Amino acid sequence: MATMLKYEDKDLKVVGTRPIRPDGVDKVTGRARYGADVNLPGQIYGRVVRSPHAHARVLAIRTDKAEALKGVKAVVTRDDFPEMPVEYAAAGELIVNFRDVTRNMMAREKVLYDGHPVAAVAATSEAIARRAARLIEVDYEVLPHVIDPVEAMADDAPLLHEEQMTEGLDPAPEKPSNLAKVVSFAKGDVEQGFAEADLVIEREFNTKPVHQGYIEPQASIASYTEDGQVELYTATQGHFVIRAQCAKLLQMDISKIRVIPTELGGGFGGKNNVYLEPLAIVMSKKSNRPVKMTMSREDVFRSTGPTSGAHTRIKIGCRKDGRITAAEAELDFQAGAFAGSSVPMAAMCTFTRYDLDNVRVRGNDITVNRPKVAAYRAPGAPISIFGVESILDEMSRELGIDPIEIRLKNAARQGTQTYYGPTFGPIGYEETLNRARQHPHLQEKLGPDQGRGIATGFWFNIGKETTTTLNVNEDGSVTVILGTIDVAGGSRAAMAMMVAEELGIDVDKVRPQIGDTQTLGFNFVTAGSRGTFASGIAVTVAARKAIDVMRERAAQMWDVPVDGVVWEDGHARPASSNVGEFEPLSIVEIARKSGMTGGPIAGHAEITAEGAGPGFGTHIVDVEVDRRTGLVKILRYTVIQDTGKAIHPAYVEGQFQGGAVQGIGWALNEEYIYDADGRLQNPGFLDYRVPVASDVPFIGTDIVEVPNPNHPYGVRGIGEVPIIPPIAAISNAIHDAIGIRLREQPMSPPKVLKAIREASNGAG
Amino acid sequence: MRYEAPASLDAATRLLADAGGAARVLAGGTDLLIQMRADLVEPTVLVDVKNIAEMREIAEEGGRFRLGAAVTGMEIMEHEGFNAAWPGIVDGAKLIGSIQIRGGATRGGNLCNASPAADSVPALIAADAIARIIGPDGRRAAPVEDIATAPGRTSLAAGEIVVSFDLPEREPRSGDAYLRFTPRTEMDIAVVGVGVNLALDEAGMCVAARVALGAVAERALLVDEAAAALIGTRVDDAALAALSAAASAACRPIDDKRGTKEFRIEVAGVLAERAARIALERAEQG
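Going line by line, the protein sequences match chains X and Y.
For what it's worth, my numbering labels the leading residue of the first sequence as 2, then goes sequentially.
For what it's worth, my numbering labels the leading residue of the second sequence as 152, then goes sequentially.
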């Protein structure tokens, strides 16, 4: 019942306005408490010992010298954690395998990347913990390593997992390899489709691994009590999933672990998985003290999941009129040290903006000697669509068709069946393209060495398990306990607004609060752009239940049947004059008397949200290329996206802008740089270059609203689509500016300058 | 670890001498604190020089500036007289870090940290600045280009401190400029840096020039051939092309995470030309 709420078009008082966010004051005054701000009495400090090698067998670990150091209270190694069998679970948009999760948080047989944990210590001061960490001796047998995904698939490549047999191949392989899994999707007859094409273009593209770039490093503090209860404060996108992972890894009951989520300084998919938490819990158990662990920026870069580097091959055929007849892709994705990259989602997103008859996509999930990848905002999609949107740009030039027209000619719309199964309901892709065509941005004149690019993106969006409790307090104000983490996008504000809209009260009367794991039933991670969609349904369900309770109370006070009471504008009113003449009762009046009419008033929801509306966006970018240094400057950027309904338009615009800026950084400068020994050379924000404010113009936004029929306010997820088009859009704009097409990311000055030199040499 | 903040040069040099090699001079701390956190250095004594008056002032006598080695970037940027005389040195100060970093960072620290990419060094070399040094054996002076010798290494003897920089008298119709290349607009580190200082005669002919390159060798380079390309010309397109070629020819960079060899060599020439244009414009206005 709960998930059946449908979209209703109605006049809105709160939804669509721009109130100040409930977490805003704490954040601008510095009062907000992030992971590293939490301290407990008697706490000690943990530190991880990390592998200096990209690939090595761990022969022996000697901890006696560290344990003998005064002030050291606990040391853990692989021997302190149970072996885990192969068992899969969802954690955000990626699937984890507990056999691998336990090996990733603490190496067992081998270290598989530079930065892989091999031991951890906890001591009474950070200085002692540092010294103790240096006293731990590890004997390694260094092995050859491999990082490039294509090299990792070669027959003679160093093998990470001796037992890894490729999944998804028929016939099954006879010997192990670094190819962990193959995913395939097919529709129609691709050979026939290419045969019907007037123009076929096939190209290869390469992208480097990039990091989410959240500002807050991972931080946790755990306290294990004598009776086996755990209190864990941690900065995460999903405290219930962290609790489940810790319970599994440490073989504990879920009920014994209370996870209190802190304010989150960004996650973008990078904070769905455990790193420090199980180490802190076990060291707390060993020391009988709370253990605080905080990563340095270097730790974050060397050991937490970035997204994949990849090699892709894309082939598209179309007729002279621009209609695509066949499309094919092969995607090689780094999984990092353990299987499970975003290649399945990347494969599903590759061509899904278009209504195609003949498609074949193969995705290869490849283990390499880098940290296990994690989700990063629309995991995989920016990588796989780069080549598709680049080739479409090439086709539009070749055929003399406008780049927006060629996309409209092939656009997915309601009723289009995707090549991975589902058929689209109402979607807003064409609307974003039509809006782009009218946009004043396209009228702006371009100067020499300036160019314009267009690209588009699609993301599924998800729903999943969600719970909430809404309490109408005794004065008529409202507290909403939410189970989905506000990953800083402003979802608490959106929830308060939907509750205020439902109850007919001022948004200031609603206080949203994230509950810890002991206050609510299970909530899935805030991932897949689900927060405002799924929790929005939950709070609407909860508010409507509370309204039903208040109608009952009013009926009791008036001594009329409950059907005779309606709820309007924050008041119980008689449904008609037949019910009787009664002055409306406000939420305040009903709440004040609640003790005498049956007790406190609440509504709650425990749902699996279904029917998330797919999101589509179109981006337009203008660049200027300095032909003598290769520097690409972003002159103007516009994001046009279907949001279903913008509950709080300013925060929707913020998501559009933030995603675009992350995409700009990805396109132009971000990359993991490894030396010949597989050691990361740029584990910090000086040499891992995310854009600074002065690198980007004000990002223009245009909100399209095609309501999602499966949400009471029409909401679609919006957080992920904005990062998908930028790499392709910028590459297309560079081509427009200087006539050179870059198919490698990052499009950093040395690479752009080299391409310019090669082009001029080639031209004689 | 002991922290000391002496008020005199004598006290500072004594502290350094007493500690042997285990002491480090702390000026702005923008490099040292990072190195300490990364376990790269573990000093037993930190000698904070920011309480020493002589190191903390910008003094002018008869058109000659003396720039204290522990004057911060923000103090340089806010000094009107210094800005008018040496805008190129100020260019270098402006490009370092953020406002907060510039509030601590000093020229002496930037020089003695001996990074080849130090943003304040090429303009000081181009300006013909002389470093005044104090140490266990008393005072001495040396051209700025002779201080850093390789990444993290200097020609300073144990216990020596750079106290200040003496700048020559500013001639009329002279101008300087510093440009660097970074992929980002700010909060970045030079992939190439170029300082150009030149003077014109009344007819607009270049009569003196100095050109220094950063981040293209093991230390900042004074490139006489590049200066020679300008002297005796009107700094026209032909001269600038010769300057550009000479600057590129002087580079001996490495490939690293910040840029390739070929990129640095090419861009050094481009920036030399662009910096010279700015210096020329400033000289013509001055």
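From the three backbone atoms N, C-alpha and C, an ideal C-beta is built for every residue, glycine too.
Since the structure is predicted, the reported quantities are computational estimates derived from the model, not experimental observations.
Determine the closest residue to residue i out of the options, with distance taken between C-alpha atoms.
i      : options                           : result
Y/Y329 : Y/A363, Y/L373 and Y/G214         : Y/A363
X/L681 : X/V301, X/P723 and X/E590         : X/V301
X/S285 : X/S391, X/S221, X/V344 and X/I674 : X/S221
Y/R291 : Y/I227, Y/V358, Y/D317 and Y/A269 : Y/D317
X/P83  : X/A248, X/S578, X/P723 and X/F195 : X/A248
X/I137 : X/H146, X/V151, X/V143 and X/V122 : X/V122
X/E217 : X/E721, X/I367, X/A556 and X/V488 : X/V488
Y/P319 : Y/L218, Y/D161, Y/I203 and Y/L167 : Y/L218
X/P585 : X/G323, X/V15 and X/V566          : X/V566
X/P86  : X/Q252, X/I367 and X/Q642         : X/Q252
X/D115 : X/V147, X/I648, X/R100 and X/E94  : X/V147
X/A75  : X/K293, X/S52 and X/Q219          : X/K293
X/K316 : X/I386, X/G740, X/L277 and X/E278 : X/I386
X/V580 : X/Q557, X/S695, X/S391 and X/I602 : X/Q557
X/D199 : X/G318, X/E168 and X/L180         : X/G318
Cβ closer than 7 Å: which chain X residues qualify as neighbours of residue i?
i      : result
Y/T411 : P751
7 Å is my cut-off, CB to CB: does residue i come that close to chain Y?
i      : result
X/I735 : no
X/T630 : yes
X/N683 : yes
X/A3   : At X/A3, the pLDDT of 46 sits below 50, so the modelled position is not reliable; the number obtained from the coordinates is stated separately. Cβ-Cβ to chain Y under 7 Å: no for X/A3.
X/P20  : no
Residues of chain X with a CB under 8 Å from the CB of residue i: which are they?
i      : result
Y/V336 : Here residue 336 of chain Y is Thr; the residue named in the question, Val, does not match the sequence. Correct list: V693, S695 and D696.
Y/V421 : R629 and T630
Y/K408 : I674, Q682, N683 and D688
Determine the chain Y residues that contact residue i at a beta-carbon separation under 9 Å, and present them in chain order.
i      : result
X/L687 : M338, D339 and I340
Is residue i near residue j, with beta carbons less than 7 Å apart?
i      : j      : result
X/T768 : X/Y35  : Since the first and last residues shown for chain X are 2 and 765, residue 768 of chain X lies out of range.
Y/S271 : Y/G243 : yes
Y/A434 : Y/L307 : no
X/R717 : X/N462 : yes
X/Q238 : X/G189 : no
X/V50  : X/V119 : yes
X/S530 : X/G720 : yes
X/S536 : X/M498 : no
X/A191 : X/A133 : Note on residue identity: the sequence assigns Val, not Ala, to residue 191 of chain X. Result no, Cβ atoms of X/V191 and X/A133 do not sit closer than 7 Å.
X/A738 : X/G401 : no
X/E399 : X/R314 : no
Y/L422 : Y/V343 : yes
X/V526 : X/V500 : no
X/N683 : Y/K408 : yes
X/T351 : X/V362 : yes
X/R371 : X/G337 : yes
X/V15  : X/V508 : yes
Interface residues of chain Y around residue i at Cβ under 8 Å?
i      : result
X/N670 : P334 and R335
X/L754 : F414, E417 and V418
With a threshold of 7 Å between beta-carbons, can residue i be considered close to chain A, or not?
i      : result
X/G565 : No chain A is present in this structure, whose protein chains are X and Y.
Is there a Cβ from chain X that is less than 7 Å from the Cβ of residue i?
i      : result
Y/R153 : no
Starting from the N-terminal side, write out each stretch of the beta strand (DSSP E) that is 3 residues or longer and does not extend beyond the segment 530-584 of chain X.
566-569 and 572-575
Only counting runs of 4 or more residues, tell me where the alpha helix (DSSP H) segments fall wholly within the segment 209-293 of chain X, in order along the chain.
240-251 and 278-288
In chain order, each beta strand (DSSP E) run of at least 3 residues that lies wholly inside the segment 335-408 of chain X:
360-368
Residue ranges of each alpha helix (DSSP H) run of no fewer than 4 residues wholly in the segment 165-252 of chain Y, ordered along the chain?
183-188, 224-228, 231-236 and 238-246
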